[in-house]
Amino acid sequence: MEPKDEIKQKLDVAEVIREYLELKPAGGGSFKAVCPFHQEKTPSFYVSSEKQIWHCFGCGEGGDIFAFVMKMEGLDFPEALRHLGKKAGVEIKRFSTEQSQEKYRLAEINRLAAAFYRKVLEDAPRAEAARAYLEKRGIDAKLRELFGIGFALDAWDTLALFLEKRGFASHECQKAGLLLPRKTGSGMIDRFRARVMIPLRDQHGNVVGFTGRVLPGSDDQGPKYMNSPETPLYHKSDLLFGLDLAKKAIREEKSVIIVEGNLDVVASHKAGVEHVVASSGTALTESQLTQLKRFTHTIIFSFDADAAGLEAARRGMRLARSLGLDVRVAALPSSYKDPDELVQKEPECWKEVVRKTVPSMQFLIEKMTAGKDLRQVDDKRIVAAALLPELMDLQDVVEREHWLRIIADLLQTDMDVLRSSLKPSISTATSAPQKSPTPEKKIFSKEEKASMLLIGCGVLDGAWMERMITLFNPEELVPIEAQMLYRILANSYHKAQPLAQQTFFERLREELGATAEGKELIPLLDASTLSAEQFLHTLSPQQAQAQLDLLVHMLHEFYHKVQTRAFVAQLRQAEQAGDTAQVEKILRQFPEA
Numbered sequence: 005m006e007p008k009d010e011i012k013q014k015l016d017v018a019e020v021i022r023e024y025l026e027l028k029p030a031g032g033g034s035f036k037a038v039c040p041f042h043q044e045k046t047p048s049f050y051v052s053s054e055k056q057i058w059h060c061f062g063c064g065e066g067g068d069i070f071a072f073v074m075k076m077e078g079l080d081f082p083e084a085l086r087h088l089g090k091k092a093g094v095e096i097k098r099f100s101t102e103q104s105q106e107k108y109r110l111a112e113i114n115r116l117a118a119a120f121y122r123k124v125l126e127d128a129p130r131a132e133a134a135r136a137y138l139e140k141r142g143i144d145a146k147l148r149e150l151f152g153i154g155f156a157l158d159a160w161d162t163l164a165l166f167l168e169k170r171g172f173a174s175h176e177c178q179k180a181g182l183l184l185p186r187k188t189g190s191g192m193i194d195r196f197r198a199r200v201m202i203p204l205r206d207q208h209g210n211v212v213g214f215t216g217r218v219l220p221g222s223d224d225q226g227p228k229y230m231n232s233p234e235t236p237l238y239h240k241s242d243l244l245f246g247l248d249l250a251k252k253a254i255r256e257e258k259s260v261i262i263v264e265g266n267l268d269v270v271a272s273h274k275a276g277v278e279h280v281v282a283s284s285g286t287a288l289t290e291s292q293l294t295q296l297k298r299f300t301h302t303i304i305f306s307f308d309a310d311a312a313g314l315e316a317a318r319r320g321m322r323l324a325r326s327l328g329l330d331v332r333v334a335a336l337p338s339s340y341k342d343p344d345e346l347v348q349k350e351p352e353c354w355k356e357v358v359r360k361t362v363p364s365m366q367f368l369i370e371k372m373t374a375g376k377d378l379r380q381v382d383d384k385r386i387v388a389a390a391l392l393p394e395l396m397d398l399q400d401v402v403e404r405e406h407w408l409r410i411i412a413d414l415l416q417t418d419m420d421v422l423r424s425s426l427k428p429s430i431s432t433a434t435s436a437p438q439k440s441p442t443p444e445k446k447i448f449s450k451e452e453k454a455s456m457l458l459i460g461c462g463v464l465d466g467a468w469m470e471r472m473i474t475l476f477n478p479e480e481l482v483p484i485e486a487q488m489l490y491r492i493l494a495n496s497y498h499k500a501q502p503l504a505q506q507t508f509f510e511r512l513r514e515e516l517g518a519t520a521e522g523k524e525l526i527p528l529l530d531a532s533t534l535s536a537e538q539f540l541h542t543l544s545p546q547q548a549q550a551q552l553d554l555l556v557h558m559l560h561e562f563y564h565k566v567q568t569r570a571f572v573a574q575l576r577q578a579e580q581a582g583d584t585a586q587v588e589k590i591l592r593q594f595p596e597a
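If you read the sequence shown in the numbering used here, its first letter stands for residue 5, the second for the next number, and so on.
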């Protein structure tokens, strides 16, 4: 059996997609969710465990388990094959692209480096200071193992020699971000030295880079925290520290807490709060928020209490609100600068903080009005300038009006006056740089929907297929691809060979996949079948039959109208050309014209 087929046999498409999206039952063994590939509020994304396919009726995206992972993760097929093979326990022996092979080797270098740093931290006598530092911070052996924390010795080429013995060239290790060229002479040296090493892992737990934290009192003149450089595996604007460990808790809590530092995440796990990730000290990006949106629509910010932390939180909150997320704040007591410090001294207090979150606008109003005398016009102007732009990012009109009323009361200003002051911001917003394009919502005509439903019912119901063949004209289907699919469907249905272990849907999908033209029709087959699955689940056989007969009649009427318009146009052209013979010919063909 081919690895692809073995993987599809072992993994359920619904269970894999459930790792990314909140799936809800849609009847008939199917599930639905809000599509991650275009903006929508009403679920139009359907998954069929029986058919092992998914399709979004909003944007038209769809396919099998590989198509989903490739699109969701931005992988090519060999990478998706390897990723799902690892999940299914299927060995993938070969890689078909140089890029895939390179990424595989870089990932292996990072994996080995993480294991090396772990071994050094736990066993090397020269790592005693690092172990003592971590124990002092409350990071015990269990936490160190959970996060893969290690230590880089204060030596020039310890890691370089270790990786060389395992068959990796120095240029590969440099590309992985772990080695640097010597400033004088030839050869490479370790990038990280005398630092506590925290692996940076993607959401699947693969090590893609590192953060190195210098030990207190070290002679190292470099920065306190040093990250791996950008590599083919590590892109800091995409990575969320701790997401691999937080995914399950995020789904259970239906929210995610965003903190600034990696050690804030470690400390939070120590306190038993696991639905937490870190932006790793960088500005929160749309890519990071889009990843989180796959798991939850409630984002809780808990950034450092200093001015820089507040400004970073404001930017992140505005971006999150613009993506339609529910944004809340877990505000630390004023005596603590970050969650790490709070957990070290009062772990139960951190639990209480994350239980008592407040809406982001409430938090900002309290922060912006603190210390201001709102009887003074200058303070009113400062507060208005800070808060009114925040309102423009609120997509829900009711919520925006709620906070507008509160701000108007605080400023003792008429609501209509404040509302009018928001309007110029609308035109300003429209001139802002455009976001990266996302799939547009696909609009199907009623005739297209009817055609898909009829085809899908033919795939699922042999009796309906027989009825279609006897009374249906395939040219009445729209668009032309539906006609092509129907003809293949009818031809395949009449084939003599038994289906054996395959369903008719599986045989048809396999047949389409055998040719380039057929592959183009697979999305239409999937969409039609899922549409029919939902339709047949909600109606009795008699009701379904009556509805389908009505759809056939509707398509017949539509086809007749299209044909009439075409003949009328031909007749008009012939009359204008003075071609009497052609006029008579058209009238004989279609007297109703």
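Idealized CB from N, CA, C, for every residue including glycine.
Enclosing alpha helix (DSSP H) for residue i [first to last residue]
| i | result |
| --- | --- |
| C177 | 174–179 |
| Q527 | First, the amino acid is wrong: residue 527 is Pro here, not Gln. From DSSP, the alpha helix (DSSP H) with P527 extends over 526–542. |
| I369 | 364–373 |
| Y229 | Here Y229 belongs to no alpha helix (DSSP H); instead the beta strand (DSSP E) covers 229–231. |
| R508 | Looking at the sequence provided, one finds Phe at residue 508 rather than Arg. Start and end: 508–516. |
| P7 | 7–14 |
| A18 | 17–22 |
Same chain, Cβ closer than 6 Å to residue i, five either side skipped, listed in chain order
| i | result |
| --- | --- |
| A486 | S455 |
| F49 | A37, C39, C60 |
| M469 | G462, Y497 |
| Y563 | E480 |
| E23 | none |
| K14 | A92 |
| P248 | It is worth fixing the name first, because residue 248 is Asp in this sequence and not Pro. The answer, listed in chain order, is R205, Q207, G209. |
| A412 | M419, L422 |
Alpha carbon of residue i to alpha carbon of residue j, nearest angstrom
| i | j | result |
| --- | --- | --- |
| V269 | I11 | 34 Å |
| D9 | L79 | 19 Å |
| E561 | L512 | 29 Å |
| W354 | A156 | 31 Å |
| K453 | I21 | 26 Å |
| V94 | L85 | 9 Å |
| L323 | L378 | 28 Å |
| E521 | L489 | 10 Å |
| W160 | H239 | 26 Å |
| G181 | G328 | 36 Å |
| A136 | S283 | 27 Å |
| L543 | R491 | 27 Å |
| I69 | I459 | 23 Å |
| D420 | A390 | 18 Å |
| L163 | G213 | 14 Å |
| A334 | E350 | 15 Å |
| E403 | R359 | 22 Å |
Local Cβ density within 10 Å of residue i, reported as buried at 16 or more and exposed below that
| i | result |
| --- | --- |
| L475 | exposed |
| N231 | buried |
| Q292 | buried |
| R217 | buried |
| I484 | exposed |
| K274 | buried |
| T533 | buried |
| Q593 | exposed |
| R205 | buried |
| E600 | What is shown of the chain runs 5 to 597, which leaves residue 600 out entirely. |
| N477 | exposed |
| A223 | The question names Ala, but residue 223 is Asp in the sequence shown. Answer is exposed; the Cβ neighbour count stays below 16. |
| P227 | exposed |
| T507 | exposed |
| A190 | Note that residue 190 corresponds to Ser in the displayed sequence, not to Ala. Exposed is the call here. |
| A145 | exposed |
Own chain residues within Cβ distance below 7 Å of residue i, not counting five before or after
| i | result |
| --- | --- |
| H279 | A250, A253, I254, E257, S259, V260, I261 |
| E579 | V587 |
| D308 | E264, K341, D342 |
| T300 | I254, K258, S259, V260 |
Segment limits, beta strand (DSSP E) that includes residue i
| i | result |
| --- | --- |
| K36 | 34–37 |
| P203 | 199–205 |
| M192 | 192–194 |
| T215 | 211–218 |
| G31 | 28–31 |
Residues near residue i by beta carbon distance below 8 Å, same chain, minus five either side
| i | result |
| --- | --- |
| A433 | Residue placement at A433 is flagged as unreliable, the pLDDT there being 37, under the threshold of 50; the coordinate-derived value follows with that caveat. Within the same chain, A433 has close Cβ partners M396. |
| T373 | V387, L414 |
**Message:** Going residue by residue through the segment 36–112, where are the continuous beta strand (DSSP E) segments of at least 3 residues, counting only ones entirely within it?
**Reply:** Every beta strand (DSSP E) of 3 residues or more that sits fully in the segment 36–112 is shown, in chain order, as 49–52, 57–60.
**Prompt:** Where in the segment 241–304 do unbroken runs of the alpha helix (DSSP H), each at least 4 residues long, occur, reported from the N-terminal end onward?
**Reply:** DSSP runs (the alpha helix (DSSP H)) wholly in the segment 241–304: 247–257, 266–274, 290–297.
**Request:** Entirely within the segment 314–394 and at least 3 residues each: give me those beta strand (DSSP E) ranges in chain order.
**Result:** With a minimum length of 3 residues, the continuous beta strand (DSSP E) runs that stay inside the segment 314–394 are 330–333.
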